[in-house]
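According to this note's numbering, the sequence shown is numbered sequentially starting from 2.
Positions of the beta carbon are idealized from the N, C-alpha and C atoms, including for glycine.
Structure first, then comments.
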Amino acid sequence: MDIHKIVLIYPERDGRIWGRAQGSPYTLMRLASLVPDNLPVEIWDEDLGPIPLHQLGPHDLVGITSKTLSIERAKEIATAAQARGSTVVVGGTHATLIPEEVQAWADITVVGEAYHTWPQIIRDVAQGTAQKLYVDEQWASLDGVARLTDRVIEMVGEHRNYWTPYMEITRGCPRDCTFCTAIRVSGRVMRHRPVEEVVEEIERRRIKRFFLTDDNFGLNFRTNPDYIVQVFEALAKLNLSGWTAQAEMMVGNFPELLGLARRAHLEKFFIGFESINSSNRRDLGGKSKGGVEEYKRIIDTIHQHGIGVVGLFVLGLDGDTTDVFEATWNFVRESGLDSVSFTIMTPYPGTELRREYEAQGRLLPNAAWSLYDTAHVVFQPAQMTVEQLRRGYDWICHKAYDPAAIAARGLRTLQRHPVAQYQRRMFSSFSTDLGYRKTVSYRDRERDFRWRTPARFDGTALGAE
Ligand code: SF4
């Protein structure tokens, strides 16, 4: 086929929030950078608005990346593109976790990272020799792989279209949390980008803030401290306003590295404490043990180094009863956390957790993939009803994202900085919680409850007012 243009599509997730989409389409930016210069390439992010499917034609190659929760929308887009004669390639998390399902409707399905297979697919489609399935699980070295091109940086307009540029320094995680999809998609070997490449990319994108997509950046404090020191020393020289990384709580045991991290403009860690219930530790792959005193000590240590902590918690693990909601909320209030996120345990395809639930007959029948957004219950919890878990999640979200609660956490965060920095720190002190509140408000439209929240959770709170 004589390819006229390549269009890479991100199906809608959250839409625009206060005029911009949340995070830049980083995966597609890197795949678009692998397209040869002589071929026109475009990125269509549906979070920015309706995508012009009518512009597609029979000589266009369409690539769609999708997580599980947007795979139904990905299928609609694929069908529309195919109706116009385009060839459709589908990759991303869901295609990697459950390729047989995607193969039923995509022209070409990609399993894995696609850094090696995507250029091959373009060549094969052009020569009329494309296969139905391409598998790329070599866990490619990140050295020089898919470097962003200037035409892609220009095209995406990160500064005007997105709140948070995404960035990658490492990839993979050797842990084995039973619910994790990241290790199925990124592999269990931690890989590292050359430090000079990271610096070069930040400078060329002219970004001052970024969110690291790294699965478990913080684990490198223990496993690759020399590399981490190099990263911090290099970033310290850049004119950054602040960046954010995902980590596990053990980063709090490395005070010297925390000091270097702060000098490197690291602003916040997103830490997966996951549960305040120690009977859940088997599911947490060794990174968290449900010990709240230890959690508080770690949060205090990180704060002492001028770095904020966003606490991530999963609700509905098998050890959880209806007491978990109030206990988790009490911990959040006392902990000094800067921001907080709650998710409902979700058995994604390809995980050990899903296999267990399937064997035990605990997956709810006919739950659409769009409900796999960690805000809906799609399985039978072990020690409560589906409705209790749903109401408990709603209750704690309303507690946490009540304007007074957000203001209290944001002001506390602000006060940890010198007064002279208040203006500069204002946005980041409130933005994470406000973003979460916006997401919860959006989901509320499909549920019938108000922001007025009972003080105690009794299993019937919310929706019954
Ligand atoms: S620590 Fe995080 S990235 Fe690693 S396996 Fe657990 S959930 Fe996945």
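Rounded to the nearest whole angstrom, the CA to CA distance from Asp324 to Ala376 is 19 Å.
By the Cβ-count criterion, Thr224 is exposed, with fewer than 16 other Cβ atoms from all chains shown falling within 10 Å of its own Cβ. According to the DSSP assignment, Gln231 belongs to the alpha helix (DSSP H) that extends over Pro226 to Ala237. Taking the C-beta atoms as reference points, Phe255 is found nearer than 8 Å to Phe222. Taking 8 Å as the upper bound for CB-CB distance, Pro120 and Val112 are not in contact here, some 16 Å apart. In terms of Cβ geometry, Val89 and Ala96 do not form a close pair [threshold 8 Å]. Here the alpha carbons of Leu338 and Asn331 stand approximately 12 Å from one another. Beta-bridge partners of Ser342 (DSSP): Leu313. The residue from Glu388, Thr352, His5 and Trp19 with its alpha-carbon nearest to that of Gly436 is Trp19. Nearest C-alpha to Ile109 among Ser71, Arg74, Gly64 and Leu54: Gly64.
Its Cα nearest to that of Trp140, the residue Thr118 stands out among Leu149, Thr118 and Arg148. Taking C-beta atoms under 8 Å as the contact rule, Gly129 and Met2 qualify, at a distance of about 6 Å. Look at Glu275 here: in three-state DSSP terms it is strand.
Look at Leu258 here: in three-state DSSP terms it is helix. When DSSP states are grouped into helix, strand and coil, Met2 belongs to the coil group. Your pair Thr69 and Pro350 checks out as a contact, with CB atoms roughly 7 Å apart and the cut at 8 Å. By the neighbour-count criterion, in which 16 or more other beta carbons inside 10 Å mark a residue as buried, Asn240 falls on the exposed side.
Counting along the chain, Ala246 sits inside the beta strand (DSSP E) bounded by residues Gly243 to Ala248.
Here Asn162 has Arg21, Ala22 and Leu49 as same chain residues with Cβ atoms under 7 Å from its own Cβ, once five neighbours each way along the sequence are excluded. Residue environment for Val42: buried (at least 16 other C-beta atoms within 10 angstroms of its C-beta).
Residue state for Lys290 is assigned as coil, using DSSP reduced to three classes. Beta-bridge analysis with DSSP links Val90 to Gly64 and Ile109. For the region 26-83, the full-length alpha helix (DSSP H) segments reaching 4 residues or more read 27-33 along the chain. The C-beta of Ala183 has 16 or more other C-beta atoms within 10 Å across all chains shown, which makes the residue buried. The beta carbons of Asp284 and Thr352 sit about 11 Å from each other, so the pair does not count as a contact at 8 Å. With a contact defined as Cβ atoms closer than 8 Å, Phe212 and Thr245 qualify at about 5 Å. Counting along the chain, Thr414 sits inside the alpha helix (DSSP H) bounded by residues Pro404 to Gln416. Rounded to whole angstroms, the separation of the alpha carbons of Trp106 and Gly307 is 50 Å. Inter-residue distance for Arg417 and Gly411 is about 10 Å (C-alpha atoms, whole angstroms).
Judged by DSSP in its simplified three-state form, Glu138 adopts coil rather than helix or strand. Annotation: Thr302 to Leu365 spans about 42 Å, alpha carbon to alpha carbon.
With a cutoff of 8 Å on beta-carbon distance, Ile7 and Leu62 are scored as near each other.
Relative to the Cα of Tyr11, the nearest Cα in the group Leu35, Trp45 and Asn39 belongs to Trp45. Taking C-beta atoms under 8 Å as the contact rule, Ile203 and Glu159 fail to qualify, at a distance of about 12 Å.
The beta carbon of Ile184 sits closer than 7 Å to at least one heavy atom of the ligand SF4. Distances from the alpha-carbon of Arg457 to those of His5, Val379, Asn281 and Arg392 put Arg392 closest.
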